[in-house]
Amino acid sequence: MSLGYYKKPLILTDSGGKDSSVCIHLAKKAGIPFEVTHNHTTADAPETVRFVREQFHELENEGIHCYITPPRYKNKPVSMWTLIPIKLMPPTRIVRYCCDILKEGTIKDSFIVTGVRWAESIKRRKRGIYESPHGEVILSNDNDDKRQLFESCRVKAARVCNPIIDWDNDEVWDYIKDEKITVNPLYCEGWNRVGCIGCPQAQTSGRNRDFQRWPKYMEMYKKAFDKMLQARKERGLQCAWKDREDVFNWWMENDVLSGQMLMFDNMEGGQNV
Ligand code: SF4
């Protein structure tokens, strides 16, 4: 279908997690032409960055084209640490601007494969039902329960296939064991999911564990919060945060400040959040 629609191979998006590793293995077994890309979020664990590089090196040796896409915003290179002062607020569970910019990427005019699965959707886990593979259009790496086996996005002129959308966790791990697939080493250290360090979508206990393991990342967030407070001050924007520790405790929902804060015209572009 990719060759037919776009006259070029499938593009597999690799997050460095186990679901991506399974998709790559399936594509190799299928014997279809494909290439692999990884969106560098800049907040990924060093182990994930190393694992992706090693995996890409091996794939390149097998003749599979692989490339890492650095994040850009408004035509400029960006990182999690420079994005926070630009956006004038930390990323939160509700305002996940970082995923749009750092993780989703800008692949256009292509047929894309992702490793999203319904089993990773909290809503679906609670309901325990499946949906038929047609209809709603979402183009992102979210494990949302509205995701479909095949999707399309007119804006990006892209089509998406999620080949393991209905696999549960046991099926993924059974496949990994049966096929002896090498996965991100963080799984062997007890991490159930590998993603950005301190991701606001994760539970507080998991985020605390991240920062215990990678304290330099906590410091980088705090430095970004310093710059964000300075940027807010320069624009005359009021807030309840006095310093970086206030921001960090609010962001970690440590109950020092209220976990939710109403902000009017405070985000980049004057958006209410
Ligand atoms: S995974 Fe979490 S921290 Fe990383 S880009 Fe998405 S929302 Fe942001």
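So in this note's numbering, spot 241 of the sequence shown is number 242, and the numbers just go up one at a time.
Ideal Cβ positions, reconstructed from N, Cα and C, are used throughout, including at glycine.
What is the rounded straight-line gap between the Cα of residue i and the Cα of residue j?
| i | j | result |
| --- | --- | --- |
| E36 | Q239 | 47 Å |
| D179 | V173 | 10 Å |
| L230 | K29 | 48 Å |
| K9 | T49 | 28 Å |
| R148 | V117 | 8 Å |
| V138 | C100 | Note that V138 scores a pLDDT of 38, beneath 50, so its modelled location is shaky; the value from the coordinates is reported in the next line. V138 and C100: Cα-Cα distance of roughly 17 Å. |
| L27 | L13 | 11 Å |
| Y188 | R194 | 7 Å |
| K127 | E121 | The pLDDT assigned to K127 is 46, lower than 50, so where the model puts this residue is not dependable; a value taken from the coordinates is nonetheless given after this. Taking the straight line joining both Cα atoms gives about 11 Å. |
| E254 | D244 | 16 Å |
| G129 | I166 | Confidence in G129 is poor, its pLDDT being 38 and thus under 50, which makes the residue's placement unreliable; the coordinate value appears in the next sentence. About 14 Å. |
| R125 | D169 | Caution is warranted here: a pLDDT of 44 is assigned to R125, below 50, making its placement in the model unreliable, and no coordinate value can be reported. |
| E269 | K228 | 14 Å |
| N40 | T107 | 9 Å |
| W119 | A46 | 24 Å |
| G136 | L150 | Bear in mind that the predicted position of G136 carries a pLDDT of just 37, short of 50, making it too unreliable to give a figure here. |
From this set, the options, which residue's C-alpha is nearest residue i's C-alpha?
| i | options | result |
| --- | --- | --- |
| I69 | Q56, E254, K77 | Q56 |
| C200 | R233, R236, V96, R54 | V96 |
| P216 | P78, V161, I198 | I198 |
| L4 | I113, W252, G18 | I113 |
| P71 | K88, I177, E152, I102 | I102 |
| N250 | S22, T93, K77 | T93 |
| D171 | H66, D20, P186 | D20 |
| S111 | E59, R51, V161 | V161 |
| T42 | Y6, G196, Q213 | G196 |
| I25 | P164, Y222, A225, R233 | P164 |
| V23 | A232, W242, T183 | T183 |
Residue i lies in the alpha helix (DSSP H); which residues open and close that run?
| i | result |
| --- | --- |
| Y176 | 170-180 |
| V37 | No alpha helix (DSSP H) holds V37; the beta strand (DSSP E) holding it covers 35-40. |
| A232 | 216-235 |
| Q56 | 47-62 |
| Y195 | The question names Tyr, but residue 195 in the sequence shown is Val. Per DSSP, V195 belongs to no alpha helix (DSSP H) and is neither H nor E. |
Shorter than 6 Å, the distance from the beta carbon of residue i to the closest heavy atom of the ligand SF4, or not?
| i | result |
| --- | --- |
| P92 | yes |
| G64 | no |
| K19 | no |
| G196 | yes |
| T42 | yes |
| K104 | yes |
| Q204 | no |
| R97 | yes |
| C100 | yes |
| C67 | no |
| C200 | yes |
What residue range is occupied by the uninterrupted beta strand (DSSP E) comprising residue i?
| i | result |
| --- | --- |
| I69 | 67-70 |
| S153 | 151-154 |
| C189 | It is not in any beta strand (DSSP E) - C189 carries neither H nor E in the DSSP assignment. |
| C162 | 159-162 |
| V248 | Unbroken run through V248 is the alpha helix (DSSP H), 245-252; no beta strand (DSSP E). |
| T14 | 11-14 |
| V114 | 112-114 |
- Task: Report yes or no: do the stretch 208-219 and the stretch 15-33 share at least 3 C-beta pairs separated by less than 8 Å?
- Result: no
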